[in-house]
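Structure first, then comments.
Number of protein chains: 2
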Amino acid sequence: MSKPPKMTDIAAAAGVSPMTVSRAFRRDASVSARTREKILKIAEETGYVFDSTASNLRSQRTGFVAVTIPSLNNANFADTVRGLNDVVQEAGLQILLGYTNYDVLEEERLIQQLLQRRPEAIVVTGGHHTDRAHRLLKSAGVPVIETWDIPEKPIDFAVGFSNADAMERLVAHLHDTGAKRMVFIGGDDNGDTRGADRRRGFVKAAERLGLPYELVSLGPAPVSMREGARAMAGALDSGAAFDAAVCVSDLAAFGALTECQRRGVSVPEDLIIAGFGGFDIAEVATPSLTTVDAHSHEIGRRSGELLVSLLRGQTDGPSPQQITLIEPTLRVSDSTSR
Amino acid sequence: MSKPPKMTDIAAAAGVSPMTVSRAFRRDASVSARTREKILKIAEETGYVFDSTASNLRSQRTGFVAVTIPSLNNANFADTVRGLNDVVQEAGLQILLGYTNYDVLEEERLIQQLLQRRPEAIVVTGGHHTDRAHRLLKSAGVPVIETWDIPEKPIDFAVGFSNADAMERLVAHLHDTGAKRMVFIGGDDNGDTRGADRRRGFVKAAERLGLPYELVSLGPAPVSMREGARAMAGALDSGAAFDAAVCVSDLAAFGALTECQRRGVSVPEDLIIAGFGGFDIAEVATPSLTTVDAHSHEIGRRSGELLVSLLRGQTDGPSPQQITLIEPTLRVSDSTSR
DNA sequence: GTGAAAGCGCTAACAA
DNA sequence: TTGTTAGCGCTTTCAC
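Those sequence lines, one after another, are chains U and D. Going by our numbering, 286 is the number at position 286 of the first sequence; the sequence numbering is gapless. Going by our numbering, 108 is the number at position 108 of the second sequence; the sequence numbering is gapless.
See below:
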């Protein structure tokens, strides 16, 4: 068992210089077809595997895109990563994924760690970071894309929407359909800034419309279906009167729905329920859940396209917008249709 | 705007050699506390960011663990990656994730691409690969862990279970509770070898028990809740008589359940339904779904622990087992309890 | 506890 | 279309 071959070994075997081998491995390089084929054949036979680590150092390009998301086990974020990956993979880039568990300190740690890998761009979820993380991102020397939120002042670029505004629109719709007293079921504030924004939007809309409301806390993010069920149980047990429940995500909404079914509370007759996010479960639940589709996959796809065009240095087209608004879609469904 | 500082810049500023700076950045290195603090202070002030790419090349260690999964949008695999990440992150390793879309050719492409990054270990889902992928893995020179399946002949290590056996046990249980005619709702074979294994287990058990059965195809993986609903609709429309439906995953099972509810078919009174995987939805559905909990998170965690012990080169302890069996748990619930 | 010299395996830059 | 030279920013190795 000898050492694995390197580029100079392939070059020697093919009777060319290492530089020619290097060129042969890149699509657009100027190498004669004959030479290229010969090189590739020898490489395959000898089991040569190109060493990116050397290439990365010498060329000062890694092909990495660093990505941080709050949780891997949330279909919304998974969809965003998938959308992003579909685009950047096409451009020969590799995602470096990390998740923060909805913790800004963990995010800071992760960003510092990921920057050491010398990514060519970095995509983060949300626009709230520690001061240090913010500084690291600003001085990273690569494009930064903040997703899912539209921060007041994006570091470089933002692809997302206003969670508060979207929630306001949902509440206004429920008010239009006749809801008189609402509860909001959501997580604690710590970490899940999108959840907190949705709650702010809920409160703002309810107060503007003169609707009485209550807030039910679910504990820290991530919010699961089970916790949605528990929160609904608590709300029903508390004896509070309400005819509409708005949940911070479809998962919580579905849990709340099952709890109602378990207790014989009819949805939407006795109580209307709405979720947020546009998860699969909203469509398949019986009754299907009214939700706000955040277009998770599209957020990733558009972030990827923005990023690829930035890295290609397309100076010809129009310079990219700092903010890409992905307007969410209100999907009214059976759970709020009396 | 000047160029970002490198290690020699920090060394010059601190009045030490680059080597001392290098040592100061590693935990166990022999540098006096005073020197170390001075160096770290200067590094922070100047915004120095350690360059892994150079370290990777010189030390021939990247700290990467390559991971391929069929899909990011499957909570089972996401759980496995989370379990894996929790462990390897602790050991200072970074996951390089790729997904194959249940396609072995895509897997081959991905493996080749990931190996160029010089990972220190590689974790793949399943034990079926193209010949070329198999060769690449075997000659990669790093530990290979195959998960979710137990291949006949693992390349290096396997962490998982027999999908066929687990399904057989489920079918035997349903037979015990009085099921007389079964349908299996699952995907096509192309790509999803775990799904195919489950189907084989179903057929084998049904034939052993003398149970009449039918197979309903869902189309190619991944199988969604919606497709489960559609498959159940087709099965009910076909007029075939059956009193039990076994689904390749809980997602399909939940879809099938909602379709039954939509049509007034009572579960479990008229029809019992079982899923597979141990997804959250199984527990929260009404009625809750009988399932086989594959312990997705544990598969990842154990893979990570195995891998970390291999990379630490622990020659002292017992040499690691080639096969780590994570026995799935049958969770009998309301959807099959008459 | 610290330093000097050399080099990891590629590719930028220039030359032919 | 191909080759030569030098060097990316660290860390190995050896020395003190």
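Each residue gets a CB set at the ideal place from its N, CA and C atoms; glycine is no exception.
Residue i touches chain U at which residues, Cβ-Cβ below 8 Å?
i, result
"Ala54 of chain D", "Leu57"
"Gln321 of chain D", "The premise fails here: Gln321 of chain D is roughly 24 Å from chain U at the closest Cβ pair, so nothing lies under 8 Å."
"Asp103 of chain D", "What Asp103 of chain D touches in chain U: nothing, since even the nearest Cβ is about 14 Å away."
Residue i and residue j: beta carbons closer than 8 Å?
i, j, result
"Ile39 of chain U", "Ala14 of chain U", "yes"
"Val159 of chain D", "Ile185 of chain D", "no"
"Arg181 of chain U", "Asp270 of chain U", "no"
"Ser59 of chain D", "Gln116 of chain U", "no"
"Arg132 of chain D", "Glu108 of chain D", "yes"
"Leu218 of chain D", "Gly187 of chain D", "yes"
"Ile299 of chain U", "Ile150 of chain U", "no"
"Val123 of chain D", "Thr100 of chain D", "no"
"Asp293 of chain U", "Thr329 of chain U", "yes"
"Ile272 of chain U", "Arg338 of chain U", "yes"
"Gly210 of chain U", "Asp250 of chain U", "no"
"Met232 of chain D", "Cys260 of chain D", "yes"
"Ala91 of chain U", "Val265 of chain U", "no"
"Val171 of chain U", "Glu214 of chain U", "no"
"Leu110 of chain U", "Val65 of chain U", "no"
"Ala252 of chain U", "Gly234 of chain U", "no"
"Ala240 of chain U", "Cys247 of chain U", "no"
"Ala166 of chain U", "Gly195 of chain U", "no"
"Thr68 of chain U", "Arg118 of chain U", "no"
Check for me: the alpha helix (DSSP H) holding residue i runs from which residue to which?
i, result
"Arg132 of chain U", "131–138"
"Ile111 of chain D", "104–115"
"Val171 of chain D", "163–176"
"Phe254 of chain D", "250–263"
"Thr53 of chain U", "52–59"
"Ala221 of chain D", "Looking at the DSSP string, Ala221 of chain D is not in any alpha helix (DSSP H), and its letter there is neither H nor E."
"Ile150 of chain U", "It is not in any alpha helix (DSSP H) - Ile150 of chain U carries neither H nor E in the DSSP assignment."
"Ala12 of chain U", "7–14"
Between which two residues does the beta strand (DSSP E) carrying residue i extend?
i, result
"Glu44 of chain D", "Per DSSP, Glu44 of chain D belongs to no beta strand (DSSP E); it is in the alpha helix (DSSP H), 33–46."
"Gly98 of chain U", "94–99"
Could you please give me the residues that DSSP links to residue i through a beta bridge?
i, result
"Asp293 of chain U", "U:Gly277, U:Thr329"
"Met182 of chain U", "U:Tyr213, U:Ala244"
"Ile361 of chain D", "The requested residue 361 of chain D is not part of the displayed model; chain D covers only 1 to 338."
"Thr80 of chain U", "DSSP lists no partner for Thr80 of chain U."
"Ile323 of chain U", "U:Ala158"
"Val340 of chain U", "An answer regarding residue 340 of chain U cannot be provided, because it is not within the stretch 1 to 338 covered by chain U."
"Val65 of chain D", "D:Ile95, D:Ala121"
"Ile272 of chain U", "U:Ala244"
Among the residues of its own chain, which have a CB less than 6 Å from the CB of residue i, if the five just before and after it don't count?
i, result
"Thr290 of chain U", "Ala274, Val332, Ser333, Ser335, Thr336"
"Thr193 of chain D", "Gly126, His128"
"Pro143 of chain D", "Ala121, Asp156, Leu310"
"Tyr48 of chain U", "Pro5, Ile10"
"Ala140 of chain D", "Leu115"
"Thr46 of chain D", "Pro5"
What residues from chain U crowd round residue i, counting only those whose CB sits closer than 9 Å?
i, result
"Glu107 of chain D", "Simply none; closest approach about 14 Å."
"Gly255 of chain D", "Val284"
"Arg226 of chain D", "Asp280, Glu283, Val284"
"Arg118 of chain D", "Val49, Asp51, Ser52, Thr53"
For residue i, go through chain D and note every residue whose CB falls closer than 8 Å to its CB, in chain order.
i, result
"Ile95 of chain U", "Leu97"
"Leu115 of chain U", "Val49"
"Thr68 of chain U", "Ordered by position in chain D, no residue passes the 8 Å Cβ test against Thr68 of chain U, which lies about 13 Å from the chain."
"Thr258 of chain U", "Val284, Ala285, Thr286"
Is residue i near the ligand NAD, with its Cβ less than 7 Å from a heavy atom?
i, result
"Gly219 of chain D", "Of ligands this structure carries none, so the ligand NAD is not represented either."
Keeping to the same chain, check which residues put their C-beta closer than 8 Å to that of residue i; ignore five residues upstream and five downstream.
i, result
"Arg301 of chain D", "Gly83, Leu84, Asp86, Val87"
"Lys204 of chain U", "Ala164, Glu168"
"Asn73 of chain D", "Pro222"
Could you name the residues of the same chain whose beta carbon sits closer than 7 Å to that of residue i, not counting the 5 residues immediately before and after it, in chain order?
i, result
"Leu105 of chain D", "Thr130"
"His175 of chain D", "Leu209, Leu211"
"Ile326 of chain U", "Val159, Gly160, Phe161, His295, Glu298, Ile299, Arg302"
Using a C-beta to C-beta distance shorter than 7 Å, which residues of chain U count as neighbours of residue i?
i, result
"Pro143 of chain D", "Going along chain U, no residue has its Cβ under 7 Å from Pro143 of chain D, so there is no contact; the nearest lies around 16 Å."
I want to verify the contact list: residues of chain D whose CB lies under 9 Å from the CB of residue i, in sequence order.
i, result
"Ser339 of chain U", "Past the edges of chain U, shown from 1 to 338, lies residue 339 of chain U, and the structure says nothing about it."
"Asp79 of chain U", "Leu72, Asn73"
Taking Cβ-Cβ distances shorter than 7 Å, what residues in chain D pair up with residue i?
i, result
"Ala205 of chain U", "What Ala205 of chain U touches in chain D: nothing, since even the nearest Cβ is about 28 Å away."
"Arg82 of chain U", "Leu72, Asn73"
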